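J.: Quick one: the structure is below, questions incoming.
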Amino acid sequence: MEAKLTLVGAGPGDGELITLKGIKALKNADVILYDELANADILEFAPEHALKMYVGKKAGSSSFSQEEINGLIVRLARKRGHIVRLKGGDSFVFGRGHEEMEYARDHGITCEVIPGVSSCIAVPASLDIPVTRRGVSESFWVITGTTQNGELSDDIRLAVQSKATVVVLMGMSKLTEICSLYKHFGRGHLPMAVIQNGTRPDEKSVMGQVWEIPRLVEENNIGTPAIMILGEVVALHPSYALEYLQSMSLVS
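Just so you know, we're using the numbering used here here: the sequence shown kicks off at 132 and counts up by one.
Below is the structure:
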């Protein structure tokens, strides 16, 4: 029995967006340690004998600390064999995947990484919003909305001054602060979208300009998990103009 850890990115929400290699790993798992997955049906790929343990967090409430998860990985790998650490999106995009891999390797556990489809690209694409477009946006930023100490990332203050598309993950608690920052830099009329449960049947979204997004989010009960997209590319969405005009009519 080999003690092994495989980090698997589960994708953004649609169960069909997990990779074939990720499914293969699940089918050969002895233990699955999974986060707050967008689609729990993915767990059905696991064999009957596999132990499935939830170790994630939702709305800031954690079932296990990161140190406890690290310890679980090592203990269970030595006791049971193949551990699949299943995370939403991609394990290395704000997923602490590298920290867990490093800890496991330091304790003699063989490790493999199976990349996942990240929500920062897949969710906008599913709504016909490209993160780059020739003549519109030549690059894009992917930023965590909240840093380890609970504050707004300094990178957003740099990104707001760029013409690049900005995708914010895990930032709903900072929505008002982010929009205020954009307005402070004279970018309150920049197109913006907020998408909850992207690629899932229960997906919800709002689009408009930065200055009105907090109101639209509240009126449409947009919650977590959600991503924000800020940039001229949002205006390329087929219904952006219609939604914006409807929003303006409600204000007036």
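Even glycine gets a Cβ: it sits at the ideal position worked out from N, Cα and C.
None of the values given here were measured: they were computed from a predicted structure.
Would Val-248 and Leu-138 be called neighbours here (beta carbons separated by less than 8 Å)?
T.: No, the pair does not count as a contact, with Cβ atoms beyond the cut-off.
J.: Are the beta-carbon atoms of Val-254 and Pro-143 separated by less than 8 Å?
T.: Result yes, Cβ atoms of Val-254 and Pro-143 sit closer than 8 Å.
J.: Could I get the ranges of all uninterrupted beta strand (DSSP E) runs contained in the region 267 to 303, with 3 residues as the minimum, in chain order?
T.: Counting only runs of 3 or more, we get 271 to 275, 296 to 300.
J.: Tell me which same chain residues have a C-beta within less than 6 Å of the C-beta of Asp-109, skipping the five on either side of it?
T.: Since the displayed the chain opens at 132 and closes at 383, residue 109 lies outside it and no answer follows.
J.: Just the C-alpha distance for His-213 and Leu-207, rounded to the nearest angstrom, thanks.
T.: For His-213 and Leu-207, the distance between alpha carbons rounds to 8 Å.
J.: Using the C-alpha atoms, what's the distance from Gly-302 back to Met-359?
T.: When rounded, the distance between both Cα atoms is 8 Å.
J.: Using 10 angstroms around the beta-carbon of Gly-239, count the other beta-carbons present and answer buried if the total reaches 16, otherwise exposed.
T.: Exposed, because fewer than 16 other Cβ atoms sit within 10 Å of the Cβ of Gly-239.
J.: I'd like the ranges of any alpha helix (DSSP H) spanning at least 4 consecutive residues and lying wholly in the region 187 to 212.
T.: Counting whole runs of 4 or more residues, the region 187 to 212 contains the alpha helix (DSSP H) stretches 197 to 211.
J.: Residue ranges of each beta strand (DSSP E) run of no fewer than 3 residues wholly in the region 319 to 348, ordered along the chain?
T.: Listed in chain order, they are 322 to 327, 335 to 340.
J.: Would DSSP call Thr-307 helix, strand or coil?
T.: It is helical.
J.: Is the beta carbon of Leu-300 sitting closer than 8 Å to the one on Thr-278?
T.: Not closer than 8 Å, so no.
J.: Return the chain-ordered list of same chain residues with a C-beta closer than 6 Å to the C-beta of Tyr-234, the five sequence neighbours on each side being excluded.
T.: Here the set comprises Asn-201.
J.: Output needed for Thr-307: all residues of its chain with C-beta closer than 7 Å, excluding positions within five of it in sequence on either side, in chain order.
T.: Contacts found: Pro-345.
J.: Please name the residue in Trp-272, Gly-362, Thr-355, Asp-221 whose C-alpha comes closest to that of Gln-340.
T.: Per the Cα distances, Gly-362.
J.: Work out the CA separation of Tyr-371 and Glu-175 for me, nearest whole Å.
T.: Between Glu-175 and Tyr-371, the C-alpha separation is close to 37 Å.
J.: With DSSP collapsed to three states, give me the class of Ile-358.
T.: In the structure shown, Ile-358 sits in a strand (DSSP, three-state: E or B).
J.: Going by Cα to Cα distance, which pick from Gly-140, Val-348, Gln-292 is closest to Glu-167?
T.: Ranking the options by Cα distance to Glu-167, first place goes to Gly-140.
J.: Can you find the residues in the same chain that come closer than 6 Å, C-beta to C-beta, to Lys-135, ignoring five residues on each side of it along the sequence?
T.: Here the set comprises His-213, Thr-241.
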